[in-house]
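Scroll down for the structure; my scribbles are underneath it.
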Amino acid sequence: MNGNWLKEPNKDDILLFFRILAVCHTAIPEQNEETGAFTYEAESPDEGAFLVAARNLVLSSVKNTVKEYKILNLLDFTSKRKRMSVIIRDENDQILLLCKGADSIIFDRLSSDGRMYLEATTKHLNDYGEAGLRTLALAYKKLDEAEYSAWNDEFMKTKTSFGADREANLERVSDMMERELILVGATAVEDKLQEGVPQCIDKLALAGLKIWVLTGDKMETAINIGSVSPHANAKEDILMQITKATEMIVEEKDPHAAFALIIDGKTLTYALEDDMKHQFLNLAVHCASVICCRVSPRQKALVTRLVKEGTGKITLAIGDGANDVGMIQEGHWCWHQWLRRNAEFQFLERLLVVHGHWCYKRIAQMICYFFYKNIAFGLTIFYFEVFAGFSGQSVYDDWYMLLFNVVLTSLPVISLGVFEQDVDSEVCLQFPALYQQGPKNLFFDWPRIFGWMGNGFYTALIIFFLNIIIYYDQAFRAGGQTADMTAVGTAMMTCVIWAVNCQIALTMCHFTWIQHFLIWGSVATWYVFLLIYGEMHYALQVNAYRVLREILAPAPIYWTSTILVTVVCNIPYLVHISFQRSFNPLDHHVIQEIKYYNKHIEDRRMWRRERSKAREKTKIGFTARVEAKIRQVRGKLQKKRSIVSSSSVAQPT
Numbered sequence: 001m002n003g004n005w006l007k008e009p010n011k012d013d014i015l016l017f018f019r020i021l022a023v024c025h026t027a028i029p030e031q032n033e034e035t036g037a038f039t040y041e042a043e044s045p046d047e048g049a050f051l052v053a054a055r056n057l058v059l060s061s062v063k064n065t066v067k068e069y070k071i072l073n074l075l076d077f078t079s080k081r082k083r084m085s086v087i088i089r090d091e092n093d094q095i096l097l098l099c100k101g102a103d104s105i106i107f108d109r110l111s112s113d114g115r116m117y118l119e120a121t122t123k124h125l126n127d128y129g130e131a132g133l134r135t136l137a138l139a140y141k142k143l144d145e146a147e148y149s150a151w152n153d154e155f156m157k158t159k160t161s162f163g164a165d166r167e168a169n170l171e172r173v174s175d176m177m178e179r180e181l182i183l184v185g186a187t188a189v190e191d192k193l194q195e196g197v198p199q200c201i202d203k204l205a206l207a208g209l210k211i212w213v214l215t216g217d218k219m220e221t222a223i224n225i226g227s228v229s230p231h232a233n234a235k236e237d238i239l240m241q242i243t244k245a246t247e248m249i250v251e252e253k254d255p256h257a258a259f260a261l262i263i264d265g266k267t268l269t270y271a272l273e274d275d276m277k278h279q280f281l282n283l284a285v286h287c288a289s290v291i292c293c294r295v296s297p298r299q300k301a302l303v304t305r306l307v308k309e310g311t312g313k314i315t316l317a318i319g320d321g322a323n324d325v326g327m328i329q330e331g332h333w334c335w336h337q338w339l340r341r342n343a344e345f346q347f348l349e350r351l352l353v354v355h356g357h358w359c360y361k362r363i364a365q366m367i368c369y370f371f372y373k374n375i376a377f378g379l380t381i382f383y384f385e386v387f388a389g390f391s392g393q394s395v396y397d398d399w400y401m402l403l404f405n406v407v408l409t410s411l412p413v414i415s416l417g418v419f420e421q422d423v424d425s426e427v428c429l430q431f432p433a434l435y436q437q438g439p440k441n442l443f444f445d446w447p448r449i450f451g452w453m454g455n456g457f458y459t460a461l462i463i464f465f466l467n468i469i470i471y472y473d474q475a476f477r478a479g480g481q482t483a484d485m486t487a488v489g490t491a492m493m494t495c496v497i498w499a500v501n502c503q504i505a506l507t508m509c510h511f512t513w514i515q516h517f518l519i520w521g522s523v524a525t526w527y528v529f530l531l532i533y534g535e536m537h538y539a540l541q542v543n544a545y546r547v548l549r550e551i552l553a554p555a556p557i558y559w560t561s562t563i564l565v566t567v568v569c570n571i572p573y574l575v576h577i578s579f580q581r582s583f584n585p586l587d588h589h590v591i592q593e594i595k596y597y598n599k600h601i602e603d604r605r606m607w608r609r610e611r612s613k614a615r616e617k618t619k620i621g622f623t624a625r626v627e628a629k630i631r632q633v634r635g636k637l638q639k640k641r642s643i644v645s646s647s648s649v650a651q652p653t
């Protein structure tokens, strides 16, 4: 300001404004011993910015004037109070209360004589809010000795008291003092978003995530509760507004229309009451985005809990301050733990859209494959018991059964869960709507689980009966020898290992040398094990002596039957995936085909469809689990009524 403020007619008020900034704080100044420059250790960046501004803009112009202030009391800032105050004694022995806080709080506490700058300050705050700046209002109050002495006695008595109601009493006593204030002005601090945050939010919205912004900052487009008629009951009027808004959204004809809900802290207090919160949630889930401004930490936590419990959805709470702790704790714990280690909001784009999609596919396929391979292996033992009249004799050697899950099929499953990618990361970022395959549970629903289990039943059936047909009472070697139970069991085990490992290879969309090594290395390990196990002393193995080297390997039927059984076992999966890709492809199937033929990936129709789906309302509560069944039943009943009605009309009179 270069001292030009000294020429202003209200220079005393300007000086008071910056002195409030310089005195009303809890920062600790630190001086550099070498340069003499001051830095400020403040609880928030805003306080540090205020002190630097006060020092550089105004107080440096009066640096030859020394003024001392004695701080008598400090009324701390809390998220509930949304303000802080100090009571000082100046050089003229005048007692002053200096206060800064949210404009909605300060304006309600102004005296009738303290509103001289209210109109201009309100206009400035509106301009600041529209520019995305964080604002505070500043005010003061003069106190006489008698007033301060009486209040201070009660304040100190309350401050030194014990009991559960101590904090409430402190708040009551502080509130008594922070009234009849005189407005001085307002501050605005630019709080820039981190790099990439707008693009990240847009990408997450395209991925179908419902984005709620819970902030303590001012929002000019928020609902103005003060405009409600003073003759109307606030709670009833808010309920009426919520009901009308819900009806308006439901009646909207445009399927691509998107609505945003903006609500302030005062209104939210009523909306979160027990008899209204479900209607508020029903309105909010119809909207593409929700903005709650001027909310307290408790309200942030309550809104997060309401969404989590009311919708049954996974909630990701993101915050960077102490006021956000309650909200973050209400979110699901896995995201909460991760956010403690993350510094950049934009990382969420890749974390959710790319790794979220990949991890869902990997985990879903891995679990389904676990069902498949263990059913395929276990049922061959059961089928043999039925075939042998439940004699209790196992078709497999004990070491075979021990090594199946530990060595022979475990590493390929790990490679599936670690390296699998149906599409690459660039495609995931280009088509964030692919993320919706996870929330829609396309790869881990009951039909898919039962499908994999059925595939396991079929594989076990083919392996057992084909091997029995080939080896039972048949001369499978040139010398006319027949296979004993050990040979049959070893041949069946070979088919199981080949079938399940080929199945996981067919399931994978993305291969690295590690996956090839683990899959085919597991198969090779089986043959190496048979060679080593067959050469062991008879005390370690009884029936498997050189079972591969001298009994099975010389017989061509062993190798041909292994190939035949493996192919027949995997035919149903090949047929299924071929029909699905040809007649009912999923989005990632289409993208894979386009990528394979080196075409430019730009399916605008899919993009518009998924973006429209992202704007659909979120189902809540019990409805989310049974709505599909109800819709099916209603459709069947409607169809029956139509048939009955048509029959009645067709009958001759």
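With UniProt numbering as the guide, the letters of the sequence shown map in order to residues 1 to 653.
The C-beta atom is built at its ideal place from N, Cα and C for all residues, glycine as well.
From a predicted model like this one, the values you see are computed outputs, not experimental measurements.
Within 9 Å, strictly: CB atoms of residue i and residue j
| i | j | result |
| --- | --- | --- |
| Gly208 | Phe345 | no |
| Lys82 | Gly101 | yes |
| Phe583 | Trp399 | no |
| Tyr573 | Gln515 | no |
| Tyr372 | Phe444 | no |
| Glu178 | Ser85 | yes |
| Arg19 | Ala42 | no |
| Ala301 | Glu330 | yes |
| Val427 | Lys595 | yes |
| Thr311 | Leu214 | no |
| Gly35 | Asp76 | Inspection of the sequence shows that residue 35 is occupied by Thr rather than by Gly. No, the pair does not count as a contact, with Cβ atoms beyond the cut-off. |
| Gly521 | Leu416 | no |
| Leu181 | Cys99 | yes |
| Cys287 | Leu306 | no |
| Tyr128 | Leu72 | no |
| Leu434 | Ile563 | no |
| Leu272 | Gln299 | yes |
| Gly265 | Cys293 | yes |
Contact set for residue i: own chain, Cβ-Cβ below 7 Å, skip 5 residues either direction
| i | result |
| --- | --- |
| Ala232 | With a pLDDT of 36 at Ala232, under the threshold of 50, the modelled position of this residue cannot be trusted, and the question is left open. |
| Phe404 | Phe377 |
| Thr122 | none |
| Asp13 | Val184 |
| Phe419 | His510, Thr512, Ile514, Gln515 |
Same chain only: Cβ atoms within 6 Å of residue i, ignoring 5 sequence neighbours per side
| i | result |
| --- | --- |
| Gln31 | Phe38 |
| Ile106 | Ala137, Ala139 |
| Pro297 | Ser79, Asn323, Gly326 |
| Gly114 | Leu181, Ile182, Leu183 |
Rounded straight-line distance, which links the Cα of residue j to that of residue i
| i | j | result |
| --- | --- | --- |
| Ile211 | Ile263 | 14 Å |
| Ile314 | Asn441 | 13 Å |
| Leu96 | Ser111 | 15 Å |
| Thr176 | Ile87 | This sequence places Met at residue 176; Thr is not what is there. Going by the C-alpha atoms only, they are around 13 Å apart. |
| Glu309 | Asp274 | 14 Å |
| Leu389 | Tyr383 | According to the sequence provided, residue 389 is Gly. The question's Leu does not apply to it. In a straight line, the C-alpha of Gly389 is about 10 Å away from that of Tyr383. |
| Ile291 | Pro432 | 23 Å |
| Ile449 | His357 | 19 Å |
| His124 | Tyr117 | 10 Å |
| Val525 | Phe517 | The sequence shown places Thr at residue 525, rather than the Val named in the question. Approximately 11 Å, taken between the alpha carbons. |
Buried versus exposed call for residue i [16 or more other C-beta atoms within 10 Å across all chains shown]
| i | result |
| --- | --- |
| Ser168 | The sequence shown places Ala at residue 168, rather than the Ser named in the question. Exposed, since its Cβ has fewer than 16 Cβ neighbours within 10 Å. |
| Asn92 | exposed |
| Lys141 | buried |
| Tyr558 | buried |
| Asn501 | buried |
| Trp446 | exposed |
| Ala483 | buried |
| Ile201 | buried |
| Ser174 | buried |
| Phe17 | buried |
| Gln365 | buried |
| Ala317 | buried |
| Glu349 | buried |
| Arg172 | exposed |
| Tyr369 | buried |
Own chain partners of residue i with C-beta closer than 8 Å, once the 5 adjacent residues on each side are dropped
| i | result |
| --- | --- |
| Asn467 | Val488, Ala491, Met492, Cys495, Ser561, Val565 |
| Ile463 | Ala376, Thr380, Met492, Cys495, Val496, Ala499, Val565, Cys569 |
| Leu548 | Thr490, Tyr527, Leu530, Leu531, Gly534 |
Distance cut-off 8 Å: residue i Cβ against heavy atoms of the ligand MN
| i | result |
| --- | --- |
| Cys292 | With respect to the ligand MN, the structure offers nothing, as it holds no ligand at all. |
Original post:
Are the segment 417-429 and the segment 503-523 in contact at 8 Å, needing three or more beta carbon pairs?
Top reply: yes
Original post:
Does the segment 115-134 come close enough to the segment 176-189 that 3 or more CB-CB pairs lie under 8 Å?
Top reply: yes
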